[in-house]
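Under the numbering used here, think of the first position of the sequence shown as 73, with each following residue one higher. C-beta atoms are modelled at their ideal positions from N, C-alpha and C, and glycine is treated no differently. Treat the numbers as computed from the prediction; the structure is a model and nothing was measured. Beneath this line is the structure, given in structure tokens, with notes to follow.
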Amino acid sequence: MIEEGSLIDTCNAFYCENFTPNKNYKPKIWTENWTGWYTAFGGTNPYRPAEDIAFSIARFIQNRGSFVNYYMVGLLNEPKWGHLRDLHKAIKQCKPTLVSVDPNLAEIAKFLGLTTTVDTEAIQLACFFHSNYKSSQSSSYKANGLCSSSCQMRL
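And the structure:
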């Protein structure tokens, strides 16, 4: 028999950035990131762009996500495979900071969020997630030199 509280709940969806585990001490896990789905005979051919998948993953990590698993990613099909490879490379460069410091989430303006993760004891470790939900408007954030360009991710 399973003890109460011993299970870790997970998210299975297109977007999981707002998912929270049933206990604060449990990891935030996304077990099925739906990159594709079945088609019905005679139905429409659904399409999810690589940019949308990458944006949802970065937002999940930005909001304290710890694990993402893909569902039907489609092998080495481009542009999805290359786009996600580059995203994972950028996240991996920020890994030392992401796993050692709690992030500071801030809403700068409507549809514009900024998450800073800065290790104050070792100031060279910093990571910034800048997310703009209004794709028709550009926005930028200057980090005052706290983070090298290789560790910055513009979403």
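Among the options, whose alpha-carbon lies nearest the alpha-carbon of residue i?
i	options	result
cysteine 88	Arg157, Trp106, Leu148 and Tyr119	Trp106
tryptophan 109	Val173, Asn84 and Phe139	Asn84
glutamate 61	Phe86, Asn117 and Asn94	The requested residue 61 does not occur in the structure, where the chain is confined to residues 73 to 227.
valine 171	Ile133, Leu177, Tyr143 and Asp158	Ile133
Please report how far the alpha carbon of residue i lies from the alpha carbon of residue j, in whole angstroms.
i	j	result
proline 99	glycine 137	7 Å
serine 128	proline 175	17 Å
tryptophan 102	proline 151	22 Å
isoleucine 125	alanine 162	15 Å
glycine 154	leucine 148	8 Å
threonine 82	threonine 187	23 Å
isoleucine 169	histidine 160	First, the residue type needs correcting, since residue 169 is threonine and not isoleucine in the sequence shown. Their backbone Cα atoms lie some 15 Å apart in a straight line.
glycine 115	glutamate 123	24 Å
phenylalanine 86	lysine 167	24 Å
phenylalanine 91	arginine 131	11 Å
valine 173	leucine 156	24 Å
By DSSP's criteria, residue i is part of a beta bridge. Which residues make up the other side?
i	result
alanine 85	Asn105
tyrosine 142	Asn105
Which whole-angstrom value describes the C-beta separation of residue i and residue j, a residue pair presumed to lie in contact below a C-beta threshold of 8 Å?
i	j	result
glutamate 104	asparagine 135	18 Å between Cβ atoms; not a contact.
proline 118	threonine 111	7 Å
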